[in-house]
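Working notes, beginning with the structure itself.
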Amino acid sequence: MTGIPGANSRAVLVACMPKSGSTFLSAALSAMPGFRREHVVPSYARREQELSEPEIQRAFAATQVLRRAFDQGQMASPHRPRAWVAQNHVKHNAETQALIDRYQIVPVCLVRNIFDIVVSLRDHVVNDSPLTAAAYIDESMVSWEPERMYEFLVDLAVPWYIHFYVSWVKAEHKVLVTYEDLIADPHGQLRRILKFGQLPWNNDAIAEALETVAGGVNVRKNVGTTGRGDAIPVELRARVERFCQYYPDVDFGPIGIG
1 MTGIPGANSR AVLVACMPKS GSTFLSAALS AMPGFRREHV VPSYARREQE
51 LSEPEIQRAF AATQVLRRAF DQGQMASPHR PRAWVAQNHV KHNAETQALI
101 DRYQIVPVCL VRNIFDIVVS LRDHVVNDSP LTAAAYIDES MVSWEPERMY
151 EFLVDLAVPW YIHFYVSWVK AEHKVLVTYE DLIADPHGQL RRILKFGQLP
201 WNNDAIAEAL ETVAGGVNVR KNVGTTGRGD AIPVELRARV ERFCQYYPDV
251 DFGPIGIG
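Structure, rendered in structure tokens:
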């Protein structure tokens with residue numbers, strides 16, 4: 001199947017929780033032979049990262065331009081352009097699924113232990129940028145004590161994460177990847193994603209892609225640390241667990257609940 005009739009190119013959507021290792025995963029996928037990164041939303045910052053159909057069409061068209069350049073000997077790359085990877089904090093909904101179906105996009109849902117995320121997100125907004133789609137964080141808030149920021153994130157950001165998680169769990173066609181599995185076996189998780197999407201792969205190419213990403217200077221590879229959520233007070237952990245009880249039919253185990 002192809003994203004655009006006759007295009008002979010494919011797309012992978014890494015639908016991810018903020019602070020779930022998504023930069024590492026998307027970089028590793030885009031380092032596969034013939035793959036590259038693309039942006040399919042008009043902007044980022046505090047906005048919801050809903051997919052844009054014109055941007056998707058542009059990404060496929062760009063792939064075709066590169067393929068023609070390759071066929072005409074104008075590209076030095078040894079790998080024929082064949083696929084692109086987008087990384088977005090996007091919930092599942094009817095419109096997202098319609099675009100996935102229309103363009104035969106491979107949906108990968110990346111999640112992480114929710115308590116580890118709260119700690120990592122607090123560090124990010126304090127040390128890097130307060131801009132996130134999960135909650136509105138004003139610049140004046142970054143000086144808060146960690147305990148107050150944890151409480152804020154549990155009350156106002158965690159509901160976004162729960163919405164994200166439940167929406168994708170209820171999606172019928174996707175591959176669910178956890179941060180914990182990704183750091184334990186990145187090779188196996190890439191292989192699993194590529195096989196799920198019926199995308200070309202071999203063990204040597206995966207190993208080379210991971211080696212390339214490991215040596216990159218522009219990849220925020222915060223992959224490697226688990227258990228940071230132990231810093232979250234017991235009463236806040238109980239609050240998160242209570243939020244999840246509104247969905248008794250959903251298994252929250254992959255994000256560390258229950």
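Residues in the sequence shown are numbered consecutively from 1, following full-length UniProt numbering.
Glycine residues also receive a C-beta, built at the ideal position from the N, C-alpha and C atoms.
Exercise for the section: Would you give the residue range spanned by the alpha helix (DSSP H) that N203 belongs to? Expected result: 203 to 214
Handout entry: 7 Å CB neighbourhood of I137 in its chain, flanking five on each side removed
Key = V125, P130
Exercise for the section: Leaving aside the five residues before and after Y247 along the sequence, list all residues of the same chain whose C-beta is less than 7 Å from its C-beta, in chain order. Expected result: V166
Exercise for the section: Mind checking who P33 pairs with in its DSSP beta bridge? Expected result: Per DSSP, none; premise fails for P33.
Exercise for the section: Say whether the region 193 to 203 touches the region 106 to 117, bearing in mind that this needs 3 or more beta-carbon pairs closer than 8 Å, one atom from each stretch. Expected result: yes
Practice task
Could you check how far apart the C-beta atoms of L156 and A135 are, in whole angstroms? I think they sit under 8 Å.
Solution key: 4 Å
Handout entry: Buried versus exposed call for G215 [16 or more other C-beta atoms within 10 Å across all chains shown]
Key = exposed
Exercise for the section: Assign D116 to one of two classes, buried (16 or more other C-beta atoms within 10 Å of its C-beta) or exposed (fewer than that). Expected result: buried
Exercise for the section: Could you check what DSSP says for N222 in three-state terms: helix, strand or coil? Expected result: Reliability fails at N222, whose pLDDT of 48 lies under 50, so the model's placement of it is uncertain and no value is given.
Problem - Residue environment, E139, which counts as buried when at least 16 other CB atoms sit within 10 Å - result: exposed
Problem - Enclosing alpha helix (DSSP H) for N127 [first to last residue] - result: 114 to 127
Handout entry: Whole-angstrom distance between R191 and L182, CA atom to CA atom
Key = 11 Å
Problem - Own chain partners of V223 with C-beta closer than 6 Å, once the 5 adjacent residues on each side are dropped - result: The pLDDT assigned to V223 is 49, lower than 50, so where the model puts this residue is not dependable, and the model offers no usable value.
Problem - Pick from P254, G253, H173, V12 that is closest to N93, judged by C-alpha positions - result: H173
Problem - Cβ distance (whole Å) where P159 is taken to contact F252 below 8 Å - result: At roughly 13 Å, the Cβ-Cβ gap does not stay under 8 Å, so P159 and F252 are not in contact.
Exercise for the section: Counting only the same chain and skipping the five closest in sequence on each side, list residues whose C-beta sits under 7 Å from that of R80. Expected result: G34, R67, F70
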